[in-house]
Structure formats: structure tokens, C-alpha cells
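Please read the structure below before turning to the comments.
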Amino acid sequence: MDQANATKAIKGKSYREMNPEELAAALEENKKIFDSEFDSEYMRGLNSEIVEMLNWYFRPEFVGFDEMPQRNNPDHPIIFACNHSGMAFPWDAIIFGAGLFDKHKYELNKLFRALAAPMLSASDLMNPFLLTDLWKRVGAVDATGLNFETMMHYMDSNLLIYPEGVPGIGKGFNRKYQLQTFSTSMIRMSIKYKTDIHGVSCVNGEYINPFSYTSRRLNRFVNKAGLPYLPVALQTPLLLIQPWLFYYALPAKLTYVLGKKYSPYEMVGNRPLEEVSKEEISAIRDHIQSEMQKDLDQGVKDYGQKPYNWGEFLQSIRKHWWDLPYWTPIGWPALFTEFDRRYQKGEKKPKGIIRGWFRFWRIAFKNPIVFAYYIPILGWIPILIKGMKGRRAVEAWEGSKN
Numbered sequence: 042m043d044q045a046n047a048t049k050a051i052k053g054k055s056y057r058e059m060n061p062e063e064l065a066a067a068l069e070e071n072k073k074i075f076d077s078e079f080d081s082e083y084m085r086g087l088n089s090e091i092v093e094m095l096n097w098y099f100r101p102e103f104v105g106f107d108e109m110p111q112r113n114n115p116d117h118p119i120i121f122a123c124n125h126s127g128m129a130f131p132w133d134a135i136i137f138g139a140g141l142f143d144k145h146k147y148e149l150n151k152l153f154r155a156l157a158a159p160m161l162s163a164s165d166l167m168n169p170f171l172l173t174d175l176w177k178r179v180g181a182v183d184a185t186g187l188n189f190e191t192m193m194h195y196m197d198s199n200l201l202i203y204p205e206g207v208p209g210i211g212k213g214f215n216r217k218y219q220l221q222t223f224s225t226s227m228i229r230m231s232i233k234y235k236t237d238i239h240g241v242s243c244v245n246g247e248y249i250n251p252f253s254y255t256s257r258r259l260n261r262f263v264n265k266a267g268l269p270y271l272p273v274a275l276q277t278p279l280l281l282i283q284p285w286l287f288y289y290a291l292p293a294k295l296t297y298v299l300g301k302k303y304s305p306y307e308m309v310g311n312r313p314l315e316e317v318s319k320e321e322i323s324a325i326r327d328h329i330q331s332e333m334q335k336d337l338d339q340g341v342k343d344y345g346q347k348p349y350n351w352g353e354f355l356q357s358i359r360k361h362w363w364d365l366p367y368w369t370p371i372g373w374p375a376l377f378t379e380f381d382r383r384y385q386k387g388e389k390k391p392k393g394i395i396r397g398w399f400r401f402w403r404i405a406f407k408n409p410i411v412f413a414y415y416i417p418i419l420g421w422i423p424i425l426i427k428g429m430k431g432r433r434a435v436e437a438w439e440g441s442k443n
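The working numbering runs 41 ahead of the 1-based position in the sequence shown.
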């Protein structure tokens, strides 16, 4: 079947309904996701100019990442699987990816591209400070079944996934560090492509937005607006008064611990995926989730007893006091917006975006949307208009829980 006929045959079919020939054609056509929106120069600039300053706030630590795992199968990426930090904007993911890219000098073959919940890219509101398609520009790909399998053919780097999915993002503080049911997609991909899975534990991320809880009824309502959840907490009403709090984070000391390696393809005796039952796949999923929970519990025991480490944070304030307004959450709207403005003007590597206490007003006048983040109630009007403009319907995540 030629490419044109294959494309016509698969139109309207779901990923799961395709026969092998149709799937091969769909994967080939979908390889555009490799490079269509990923902007490595934007990623490098964002890391060096923005995330470098955020590191003063979160003070990340990477345990076991001095030498990155190598592909066991050179033709297919290994899969890093990490826990979500519940009820928080995904600052933990930004710091994790940027930190390792900097640590390993942007050697993509040692690092990863991330599969991210499609809701994060459905509207500008879920991109940090309304920066259009920021997640995709720094390398993330919508976590759909077809995209996952397509990325299993990506030669330039490995993959990072969050197997808890949206339920992991929306788990309340009462379920902190409790892994939500994994999808089976990573198990199926490991078996099919005979590639390893490496667990990663993110510790202290639960304290980015602590004591926030979830309401399924409220979440169903905000899902219609493209939001995965709305935290229920004492600070939630403050969102009306100061819109920048939608993206806020407390200074949790983010710690990432590389865990065990898993080889599901060996657990089924290297049989083809078609010969492995759903029950076997679910059993392997449950086993890996149980082992990752043990690693996470140990990580919390070893690195989570001082989730903020206030003494270290005060040292960071003393060291970087001159830039204090901008590396703490209240200044992030100006920091991110000015970087993006300069980049869009063609300055591929803008330097010294904000330094010193008195440049805020100049930045804000160049980016009027910045003022909206500090205007009580009425500030939400331009933010929502810009944030919801062009909102896209998201494709359902096909990573089966069964």
C-alpha cells in the first residue's frame, strides 16, 4: 500500500484499530512531531536565562545522574518514568529537564524528550505565563498512543513519561507521594521494542503547592476549559486578587533520584507483544509500580525530611539578593514574558534579561500583559482572553490503565 492510499485508509481510525500496515504508514507520517515544533535554540536560551535563575529558588539536586543510562537497544529509546507532583503547576518537570540538559551539556543522545499531558498544550493558559506552545518548543510531545509509538523510533534522544497521567497531576496533598495507577503503555512499548525502563523519583515536589486538595466535580468543570484540575486550598481565593498566583510555587528543594532499571520484555521471555496477554501486561505494570513506590518512599526518607531546607534558601537569598524580585514567583511573569519577547524579535540568545530591582517597570511597559498579573479580579480578563484564544481540543490519551 503506497503512502497516499495508506493515509486514506487510516483516516478516521483510532490508533488501536489500525492493522500493522496502516500503523506503519501512520507512524511514518507522524514523524513530523520529531522536529515540527521543537526549537533547540529556544530551549537553550530559556534554560540559560530563565531556569538558571529558577534554580536559585528550587536548588535542585540530582542523585544518580552523573552517568546517564545508555540504550540497551540502539534502535529505540529507553524510557524514563517519573512520578508527578500533585496539585502543582509542573515546575518540577521544567527543573528536571533543564537541569539534566545543563549537567550533560545538551548531549541529546544521553537525555530525553518528554511526553506531556495534552491538556498542557491545549491552551496558552497552561503554558507558563501564556507563552504559546512553550512545552512543545522545549521538546515536549503530546502524550497520545500514536505519538508515544512514533517517538519510540526517535534516534536523537530517549523519552521521559509520567505514567500516572492527569490523575497524578490532580492528586491532592492527602495522597502525596502515592503513585496513581500507571498506564500500561510504557509496558507495551518496552515489550514491543525490547527497551528498558528506568524509574525516577521526584522528592519534595509535593511541597510546591502543599495542603491543596482535589474535587472531582470541580475538576470535571475546569476540564472543559482545558485545565487538568483546580486546587482547593485556603490560598485558592487569592487567585482572584493576584492572578500570578495561578503559576506560583513555594521554594521546595527539588530532588531527583534515579531508580531501578526494568526490562518488561525479559519478564515475558522476549515474546512478541501480540503473544502477551492483557493480564500479563497489567501484572508487570503493577509490579513496576510497586517497586517504584518503594523507591519513592525511600527517596522521601533520604531527601524529603526538610522539603524546603530554609537555611539553604536563606543563603540563596543572600547570594542573589540583587535579582531577588525576578527569581521568586512574583517576578516570573516579567522574566518569562521578556525572554519570549526578545527571542521573537530575533535575538536567539538574549542575555541579561533582567538584573536589578529597578528594571521591572521598563520590562512591564514593553510587555503590557505583565500588568494584568498584579491587577485584582479585572486582571483575569486579558489573561483569560489571551490564554483561551485558539484553544485546541485535546486528543484522548490512549495509554490504557488495564
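All C-beta atoms, glycine included, are put in the ideal place defined by N, C-alpha and C.
As the structure is a computational prediction, the values presented were derived from the model and not from experiment.
Does the count of Cβ pairs from the stretch 406 to 426 and the stretch 280 to 288 closer than 8 Å reach three?
-> Yes: the two stretches touch, three or more of their Cβ pairs being nearer than 8 Å.
Confirm, please, whether the CB-CB distance from N250 to P272 is below 8 Å.
-> yes
DSSP on H239, reduced to helix/strand/coil?
-> strand
Specify the secondary structure class of G345 as computed by DSSP and reduced to three states.
-> coil
S253 vs F214 beta-carbon contact at 8 Å = Closer than 8 Å, so yes.
Could you pull out every residue in the same chain whose Cβ sits closer than 8 Å to the Cβ of E353, ignoring the five residues on either side in sequence?
-> Hits under 8 Å: R100, K294.
Would you call N46 buried or exposed, if buried means 16 or more other Cβ atoms sit within 10 Å of its Cβ?
-> Because the pLDDT at N46 is just 45, under 50, the model does not fix this residue reliably, and the value given afterwards should be weighed accordingly. Exposed, by the Cβ-count rule.
Which runs of the alpha helix (DSSP H) fall wholly inside the stretch 150 to 222 and span at least 4 residues, in chain order?
-> 160 to 163, 175 to 178, 186 to 192, 206 to 210
CB L314 to CB K217, shorter than 8 Å?
-> no
Count the CB pairs spanning the stretch 220 to 239 and the stretch 113 to 125 that are closer than 8 Å, and state whether there are at least three.
-> Taking one beta carbon from each stretch, the stretch 220 to 239 and the stretch 113 to 125 have 3 or more pairs nearer than 8 Å; the two touch.
Flag P61 as yes when its Cβ comes closer than 7 Å to any non-hydrogen atom of the ligand NAD, and as no otherwise.
-> For the structure depicted, the ligand NAD is absent and the ligand set is empty, with no information on it obtainable.
Alpha carbon to alpha carbon, how far is Q346 from M42? Give it in angstroms, no decimals.
-> No answer about M42 holds up, because its pLDDT of 41 lies below 50 and its placement is not dependable.
Can you tell me which of the three DSSP states E148 falls into?
-> If DSSP states are grouped into helix, strand and coil, E148 belongs with coil.
Among L149, N150, V179, which residue has its Cα nearest to the Cα of S162?
-> Nearest of L149, N150, V179 to S162, Cα basis: V179.
For the beta strand (DSSP E) holding E66, just list the boundary residues, first then last.
-> According to the sequence shown, residue 66 is Ala rather than Glu. Careful: A66 lies outside any beta strand (DSSP E), inside the alpha helix (DSSP H) at 61 to 71.
Could you give the C-beta distance for Y366 and F401, rounded to a whole number, given that I count them as a contact under 8 Å?
-> Before going further, note that residue 366 is Pro rather than Tyr in the sequence given. Right, their Cβ atoms sit about 6 Å apart.
Scan the stretch 71 to 148 and note each continuous beta strand (DSSP E) run of 3 residues or more that stays entirely inside, going in chain order.
-> Within the stretch 71 to 148, the complete beta strand (DSSP E) runs of at least 3 residues are 102 to 104, 120 to 123.
Between Q339 and Y248, what straight-line distance do the alpha-carbon atoms span, to the nearest angstrom?
-> Their Cα atoms are separated by approximately 17 Å.
In the structure shown, what three-state DSSP assignment does T296 receive?
-> strand
Identify whether A47 lies in helix, strand or coil by the three-state DSSP scheme.
-> Bear in mind that the predicted position of A47 carries a pLDDT of just 45, short of 50, making it too unreliable to give a figure here.
Under a Cβ-count criterion, where at least 16 other Cβ atoms within 10 Å of its own Cβ denotes burial, should Q221 be classed as buried or exposed?
-> So Q221 counts as buried.
Mind checking who K513 pairs with in its DSSP beta bridge?
-> The first residue shown for the chain is 42 and the last is 443, placing residue 513 beyond what the model contains.
Is N245 buried or exposed, if buried means 16 or more other CB atoms sit within 10 Å of its CB?
-> buried
Could you check which residue in G140, L299, E205, I426 has the C-alpha nearest to that of Q330?
-> E205
So who's on the other strand from V273, going by DSSP bridges?
-> Y254
Return the Cβ separation of N88 and A139 in integer angstroms, given the expectation that the two are a contact with Cβ distance under 8 Å.
-> 4 Å
Report yes or no: do the stretch 144 to 159 and the stretch 189 to 204 share at least 3 C-beta pairs separated by less than 8 Å?
-> yes
Kindly list the residues whose CB is nearer than 6 Å to the CB of V207, restricted to its own chain and excluding five residues on each side of it in sequence; keep chain order.
-> A158, P269
Do P374 and F170 come within 8 Å of each other at the CB atom, strictly closer than that value?
-> yes
Pull up the distance between the alpha-carbon of R382 and that of L376, whole angstroms please.
-> 10 Å
Put V411 into one of helix, strand or coil per three-state DSSP.
-> helix
Close-in-space but distant-in-sequence residues of the same chain around H18 (CB under 7 Å, 5 per side omitted) = No answer is possible for residue 18: the residues shown for the chain start at 42 and end at 443.
A375 lies in the alpha helix (DSSP H); which residues open and close that run?
-> 373 to 385
Start and end of the alpha helix (DSSP H) containing Q356?
-> Residues 351 to 360.
Roughly how many whole angstroms lie between the Cα atoms of S231 and K407?
-> Taking the straight line joining both Cα atoms gives about 49 Å.
When you compare only the Cα positions, how much space is there between L156 and P370?
-> 26 Å
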